[in-house]
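> Let me give you the structure first, and then I'll get to my questions.
In our numbering, the protein residues as written are 4 to 356.
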């Protein structure tokens with residue numbers, strides 16, 4: 004995701020057209036995802052010491068909510084998150100400063116439930132990382148799955164950072180289920196849960212929501228999790244093809260939320276361009292206008308073209324890498340890539356709008 008942001012910044016600066024030739028500079032801070040206090044401290048440092056004027060982030064829901072309330076709102080800073088998906092963020096007071104490129108987990112829960120039922124699954128166990136993201140998505144899955152006639156045998160939390168998940172998996176196994184839905188992180192407890200489940204032969208199939216779809220999972224477990232399903236925000240077609248080609252040339256892998264990270268960065272710059280200032284409290288006022296129709300569609304690699312259209316008094320409809328459309332309180336309408344693990348890799352079944 005960081006490489007994708009850097010690629011977007013390089014495109015903006017290569018145009019020479021951003022706010023009359025100004026440099027679009029990326030300064031990083033580590034929000035840690037799991038520690039809200041650390042997220043606030045990192046964002047505060049960026050404001051007070053680095054003089055940032057907008058935030059591409061946060062990357063996780065809890066960190067995003069904390070930074071929004073403690074740093075962004077008091078300082079009038081626009082935030083565009085590539086990957087914060089908690090449904091609770093749709094309802095927070097944000098002074099119209101917060102947007103996201105990923106659809107909320109309220110929608111992902113429905114998509115996951117539909118996929119499981121369409122594949123004949125009637126009973127599922129769920130484990131979730133014990134934070135805003137995990138709780139919000141697990142509740143959405145249970146609600147949607149139950150409404151479709153399915154049964155959730157157990158919906159329980161796990162903590163990240165543990166070396167042994169046998170107790171958690173033991174409880175899930177005792178409850179039963181045809182599949183284990185792992186709402187976690189691919190490099191944290193989610194990975195540990197799968198390892199323990201395989202070691203104990205408790206579950207053979209897993210459902211992998213967005214934060215579990217990553218190279219580390221497929222490199223670690225390979226064909227041992229064949230037949231498992233997953234969902235990740237994504238789209239096909241011209242937008243994806245253009246972005247994938249750019250990423251390949253820049254030398255980084257396209258994985259979960261890399262497209263959204265690019266879009267969050269480009270959209271930040273275009274909003275500032277549209278109002279003629281880096282004052283992001285003003286830029287936030289036009290994000291919906293430039294992200295949605297009407298207007299000429301703007302695809303990956305077309306920042307300079309968008310600037311020309313805006314300079315001529317025209318309108319743009321930023322499609323970007325993830326087919327951006329904003330709805331509601333700044334959420335992305337989005338689409339999901341449904342995956343099936345086959346031969347130890349994630350294969351695309353279809354895209355769900």
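Every residue gets a Cβ at the ideal spot worked out from N, C-alpha and C, and that includes glycine. Fair warning: this is a prediction, and the values are worked out from it, not measured in the lab.
Regarding residue 295 and the ligand NAD, is the C-beta to nearest heavy atom distance less than 7 Å?
Here there are no bound small molecules, and the ligand NAD is not part of this structure.
> Taking only the alpha-carbon atoms, compute the straight-line gap between residue 97 and residue 331 and give it to the nearest angstrom.
13 Å
> Report the three-state DSSP secondary structure of residue 106 (helix, strand or coil).
Note: residue 106 maps to coil in three-state DSSP.
> What residues in its chain sit with their C-beta under 6 Å from that of residue 326, if we drop five residues either side in the sequence?
238 and 242
> Report the start-end ranges of each beta strand (DSSP E) in the region 103–157 that is 3 residues or longer and not cut off at the edges.
126–132
> Less than 8 Å separating the beta-carbons of residue 180 and residue 149?
no
> Less than 8 Å between the CB atoms is what I'm expecting for residue 328 and residue 295, so what's the real figure, rounded?
About 6 Å separates the CB atoms of residue 328 and residue 295; that is less than 8 Å, so the two are in contact.
> What residue from 147, 165, 353 and 20 has the CA that sits closest to residue 108's CA?
147
> Determine, using beta carbons only, whether residue 362 and residue 82 come nearer to each other than 8 Å.
The displayed coordinates of the chain run from 4 to 356. Any statement about residue 362 would go beyond what the structure contains.
> Could you pull out every residue in the same chain whose Cβ sits closer than 7 Å to the Cβ of residue 258, ignoring the five residues on either side in sequence?
The residues are 217 and 218.
> Since residue 334 contacts residue 342 with CB under 8 Å, what's their CB separation in whole angstroms?
Not really, about 23 Å apart at Cβ, beyond 8 Å.
> Could you pull out every residue in the same chain whose Cβ sits closer than 8 Å to the Cβ of residue 8, ignoring the five residues on either side in sequence?
Counting only Cβ-Cβ distances below 8 Å, and skipping sequence neighbours, we find 29, 59, 264, 265, 267 and 268.
> Examine the Cβ distances between the region 188–198 and the region 309–325 and report whether three or more of them are shorter than 8 Å.
no
> Around the Cβ of residue 244, are there at least 16 other Cβ atoms within 10 angstroms (buried) or fewer (exposed)?
exposed
> Can you tell me the Cα-Cα spacing of residue 11 and residue 166, whole angstroms?
38 Å
> For residue 336 and residue 284, I'd like the C-alpha separation in whole angstroms.
23 Å
> Starting from residue 343, trace the beta strand (DSSP E) both ways and give me its first and last residue.
Here the beta strand (DSSP E) through residue 343 covers 339–345.
> Are the beta-carbon atoms of residue 290 and residue 314 separated by less than 8 Å?
no
> Can you give the Cα-Cα distance for residue 299 and residue 318, rounded to whole angstroms?
6 Å
> Pick helix, strand or coil for residue 301, following the three-state DSSP scheme.
Shown here, residue 301 sits in a strand according to DSSP, grouped into three states.
> How about residue 100 and residue 75: are their beta carbons less than 8 Å apart?
Less than 8 Å separates the beta-carbon of residue 100 from that of residue 75.
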